[in-house]
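Chemist: Protein chains in written order, with the numbering used here: chain A, 337 to 655; chain B, 337 to 655. Glycine included, each C-beta is placed from N, C-alpha and C at the ideal position.
Number of protein chains: 2
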Amino acid sequence: MISEFEIIRRYFTRRARTALLGVGDDGALIRPRAGTTLAVSTDMLLAGRHFFPDADPEKLGHKALAVNLSDLAAMGAEPRWALLAIALPRANGKWLAAFSKGFFRLARRFGIELIGGDTTRGPLAITITAIGEVPAKLALRRDAARAGDDVWLSGATGEAALALAYLKGRVKLGGRAREACLHRLHAPEPRVNLGRALRGLARSAIDVSDGLLADLGHIAKASRVAAEVRWEDLPRAEAIASCQNKALAKECLLAGGDDYELVFTAPRSRRSEVEAAARKAGVSVTAVGEIVAGKPGVRVRAAGGGTISARRAGFDHFA
Amino acid sequence: MISEFEIIRRYFTRRARTALLGVGDDGALIRPRAGTTLAVSTDMLLAGRHFFPDADPEKLGHKALAVNLSDLAAMGAEPRWALLAIALPRANGKWLAAFSKGFFRLARRFGIELIGGDTTRGPLAITITAIGEVPAKLALRRDAARAGDDVWLSGATGEAALALAYLKGRVKLGGRAREACLHRLHAPEPRVNLGRALRGLARSAIDVSDGLLADLGHIAKASRVAAEVRWEDLPRAEAIASCQNKALAKECLLAGGDDYELVFTAPRSRRSEVEAAARKAGVSVTAVGEIVAGKPGVRVRAAGGGTISARRAGFDHFA
Chain A
337 MISEFEIIRR YFTRRARTAL LGVGDDGALI RPRAGTTLAV STDMLLAGRH
387 FFPDADPEKL GHKALAVNLS DLAAMGAEPR WALLAIALPR ANGKWLAAFS
437 KGFFRLARRF GIELIGGDTT RGPLAITITA IGEVPAKLAL RRDAARAGDD
487 VWLSGATGEA ALALAYLKGR VKLGGRAREA CLHRLHAPEP RVNLGRALRG
537 LARSAIDVSD GLLADLGHIA KASRVAAEVR WEDLPRAEAI ASCQNKALAK
587 ECLLAGGDDY ELVFTAPRSR RSEVEAAARK AGVSVTAVGE IVAGKPGVRV
637 RAAGGGTISA RRAGFDHFA
Chain B
337 MISEFEIIRR YFTRRARTAL LGVGDDGALI RPRAGTTLAV STDMLLAGRH
387 FFPDADPEKL GHKALAVNLS DLAAMGAEPR WALLAIALPR ANGKWLAAFS
437 KGFFRLARRF GIELIGGDTT RGPLAITITA IGEVPAKLAL RRDAARAGDD
487 VWLSGATGEA ALALAYLKGR VKLGGRAREA CLHRLHAPEP RVNLGRALRG
537 LARSAIDVSD GLLADLGHIA KASRVAAEVR WEDLPRAEAI ASCQNKALAK
587 ECLLAGGDDY ELVFTAPRSR RSEVEAAARK AGVSVTAVGE IVAGKPGVRV
637 RAAGGGTISA RRAGFDHFA
């Protein structure tokens, strides 16, 4: 049996490059670069709730880090460091090698160092704390949307939820649509470069982890404004557009979690700058609505002018 | 049923005082004060492994934060901020109120702000990330012990392990000893003030979470030195001294985890300064051994000069 310390040494220790002290002490030592502040976020992923217990460990290593980087992206922060606390049912070398491969491949892509963590035995659970840098005044927050702002969405929502519906046998998916949806669910791409490119440009931002309406609702509530989404303007991934179960497609589009796109607001006068920033970041963005004065909340408007009702706004772990 | 967001609002949201942005966004924003670096540590506590599933929630809130503060103490860092990721089997308002009471009472004592976290549903699990400040050059590390250093221990070890043995029915404990041991197990006191007072004075430090020999062994290994502990000089809490099961008392003293004392080394020339620092911090310290040149490891010396063997050095989650 591999010991706890051997697990850390073998699978989770890389030499610190930018941290003053990395893995192997009671804590790590880090310092933000001049002119920046640290953005810090933590997410816990549990087997059986956030992923299937038999999930591909390499993809799981990617996803566990990706969902945390998505939070930093939504702050406009540049990812720098991460801490990984993991509970494992047993010390399985093959599983650990694959998990750490997926984790470190994504970490390398964004220049992130693993600087500490905790390893224990128990039902598979992963908590990652991600730390990034952003100049305080340029950080993208939830509470700064204003009436008149456009509402923007990167990529498209719904594929991850559609993949989950497929895995639960609620819908059939053809080859290409299935691959796209499963990839989105298991290996989401955090919109880090877009978040950074939106510094000083977007007024507010959040990542879509609970569902488009729910997360846009968080912006509306924190900013004390109302948000309107134009149903016809919502971008549809091929799998959503071609889905025969229209009610399911709608639910996925509006309330499906786990896509890790960014929804953000920006002054209408800066529309072309937003488009240029997105091109630079290599991500498509679509203006899908606007912020208006009124009671905090989100409305979905049909082309004809009516309101479309959403059965369920988003995910709540205790609902 | 209380919603996830209501749980956060009701039990875990306090106004940010020193953070630039606290609970409620994708991430928090913090900045270390001039001349300091950030010390960051994370610990995961699982029901059934680190605590009993029916543990008193108020004490659990205290302990979950205390074990993280203990890591910062062992770095000589001043605690500033914490993030709390928690999985709950259900949203129980009474439990949450008690847990947050215990958490925030300890947080207030050390001036810590809760700046973020994650709330999800699942088997009870708590991951806290604690962030403190320390001037980089004064941080207490594991890898800086030198031959000739004294080995010091704060307080005394063994009570938490003896409490566990008592709860498992392995030993009987009288009233006062039982209270002392259970208090130590359920509500350990992080040696934060001692850690800070040892800056620039101790050469190396670690907190005793896995057991005295195991944790001192980490210092020895990282510093490439040997450590000798004088059996007769080890301080004994009353419950350990009066324990009739001498083998158990010895195991608790040398290999019992969860005490959260500090074991540290300092040059012999600074003995009186160490004692003064401990007095200032209000904690007793005892010189229990010394660092010598040799193969990294820990030896326990009897008064007569022989070596005392320890059956088990400390805790390993995968052993």
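Quick one: what's got a C-beta closer than 7 Å to B:Ala-538's C-beta in the same chain, skipping five residues either side?
Modeler: Cβ neighbours of B:Ala-538 beyond the five flanking positions: Leu-476, Phe-600, Thr-601, Ala-602.
Chemist: Based on Cα-Cα distance, which residue from A:Trp-417, A:Gly-641, A:Val-628 lies nearest to A:Arg-445?
Modeler: Nearest option by C-alpha distance: A:Trp-417.
Chemist: Quick check: the Cα distance between A:Ala-461 and B:Leu-382, rounded to an integer number of angstroms?
Modeler: So the two alpha carbons sit approximately 10 Å from each other.
Chemist: In terms of residue numbering, what span does the alpha helix (DSSP H) encompassing B:Ile-344 cover?
Modeler: That run of the alpha helix (DSSP H) goes 340-348.
Chemist: Which same chain residues, not among the five before or five after B:Gly-494, have their C-beta less than 6 Å away from its C-beta?
Modeler: Contacts found: Ile-576, Cys-588, Leu-589, Gly-592.
Chemist: Name, going along the chain, the residues of the region 486-500 of chain B whose beta-carbon falls closer than 8 Å to a beta-carbon of chain A.
Modeler: Per Cβ criterion, the list is empty.
Chemist: Would a check of beta-carbon distances place B:Thr-456 closer than 8 Å to chain A?
Modeler: B:Thr-456 counts as touching chain A.
Chemist: Going along the region 337-366 of chain A in order, which residues come within less than 8 Å of chain B, judged by CB to CB distance?
Modeler: Listed by position, the residues of the region 337-366 of chain A near chain B (Cβ gap below 8 Å) are Met-337, Ile-338, Ser-339, Glu-340, Phe-341, Ile-343, Leu-356, Leu-357, Gly-360, Asp-361, Asp-362, Gly-363, Ala-364, Leu-365, Ile-366.
Chemist: Would B:Gly-358 and B:Glu-469 qualify as a contact pair, given that the criterion is a beta-carbon distance under 8 Å?
Modeler: Not closer than 8 Å, so no.
Chemist: Using the Cα positions of A:Val-565 and A:Ala-427, report the straight-line distance between them to the nearest angstrom.
Modeler: Approximately 48 Å, taken between the alpha carbons.
Chemist: Which whole-angstrom value describes the C-beta separation of A:Met-411 and A:Gly-531, a residue pair presumed to lie in contact below a C-beta threshold of 8 Å?
Modeler: With a Cβ gap of about 7 Å, A:Met-411 and A:Gly-531 count as contacting.
Chemist: Hey, would you say A:Leu-419 sits closer than 8 Å to A:Ile-464, going by beta carbons?
Modeler: Going by C-beta atoms, A:Leu-419 is nearer than 8 Å to A:Ile-464.
Chemist: Buried or exposed: where does A:Arg-527 fall if 16 or more other Cβ atoms within 10 Å of its Cβ makes it buried?
Modeler: That one is buried.
Chemist: I want to see whether chain A comes within less than 8 Å of B:Gly-536, judged by CB atoms only; does it?
Modeler: Taking Cβ atoms only, chain A never reaches closer than 8 Å to B:Gly-536, which makes this a no.
Chemist: Report the residue from A:Arg-514, A:Lys-557, A:Ala-563 whose alpha carbon sits nearest the alpha carbon of A:Cys-579.
Modeler: That would be A:Arg-514, whose Cα lies nearest to the Cα of A:Cys-579.
Chemist: With a 10 Å radius around its C-beta and 16 neighbouring C-beta atoms as the bar for buried, classify B:Arg-604 as buried or exposed.
Modeler: The residue is exposed, with fewer than 16 neighbouring Cβ atoms inside 10 Å.
Chemist: Quick one: grab the DSSP three-state call for B:Ala-364.
Modeler: It is a strand residue.
Chemist: Do you know offhand how far A:Ala-370's Cα is from B:Asp-595's?
Modeler: Roughly 39 Å separates the two Cα atoms.
Chemist: Name, please, each residue of chain B whose Cβ falls closer than 7 Å to the Cβ of A:Leu-552.
Modeler: What A:Leu-552 touches in chain B: nothing, since even the nearest Cβ is about 13 Å away.
Chemist: Assuming B:Asp-485 and B:Arg-607 make a contact with CB atoms under 8 Å, what is their CB distance in whole Å?
Modeler: Contact doesn't hold; Cβ gap of about 11 Å is too wide.
Chemist: Assuming B:Gly-447 is part of the beta strand (DSSP E), what are its boundary residues?
Modeler: B:Gly-447 -> no beta strand (DSSP E), and no H or E assigned at all.
Chemist: Look at the alpha carbon of A:Pro-471 and the alpha carbon of A:Thr-372, and state the distance between them as a whole number of angstroms.
Modeler: Each residue's alpha carbon lies about 4 Å from the other.
Chemist: With 16 other CB atoms within 10 Å as the buried threshold, where does B:Ser-645 fall?
Modeler: So B:Ser-645 counts as exposed.
Chemist: Taking the beta carbon of B:Lys-430 as the centre, do at least 16 other beta carbons fall within 10 Å, making it buried, or is it exposed?
Modeler: By the neighbour-count rule (16 or more Cβ atoms within 10 Å), B:Lys-430 is not buried but exposed.
Chemist: Can you grab the Cα-Cα spacing for the pair B:Gly-505 / B:Ala-499, in whole Å?
Modeler: When rounded, the distance between both Cα atoms is 10 Å.
Chemist: Along the region 413-426 of chain B, what residues have a CB closer than 9 Å to any CB found in chain A?
Modeler: Flagged, chain order: Ala-413, Trp-417, Leu-419, Leu-420, Ala-421, Ile-422, Ala-423, Leu-424, Arg-426.
Chemist: Beta carbons nearer than 9 Å to chain A: which residues of the region 371-384 of chain B have them?
Modeler: So the close ones are Thr-372, Thr-373, Leu-374, Ala-375, Val-376, Ser-377, Thr-378, Asp-379, Met-380, Leu-381, Leu-382, Ala-383, Gly-384.
Chemist: Report the neighbours of A:Thr-465 on chain B: residues whose CB is nearer than 7 Å to its CB, in chain order.
Modeler: Per Cβ cutoff of 7 Å: Thr-378, Leu-419, Thr-465.
Chemist: Rounded to a whole number of angstroms, what is the C-alpha to C-alpha distance between A:Ala-481 and A:Val-624?
Modeler: Their Cα atoms are separated by approximately 15 Å.
Chemist: Report the three-state DSSP secondary structure of A:Val-528 (helix, strand or coil).
Modeler: DSSP places A:Val-528 in helix when its eight states are reduced to three.
Chemist: If you follow the beta strand (DSSP E) that A:Pro-415 is in, where does it begin and where does it stop?
Modeler: Start and end: 414-424.
Chemist: If distances are taken between C-alpha atoms only, which option among A:Trp-488, A:Thr-354, A:Ala-556 comes closest to A:Pro-632?
Modeler: With distances taken between Cα atoms, A:Pro-632 lies closest to A:Ala-556.
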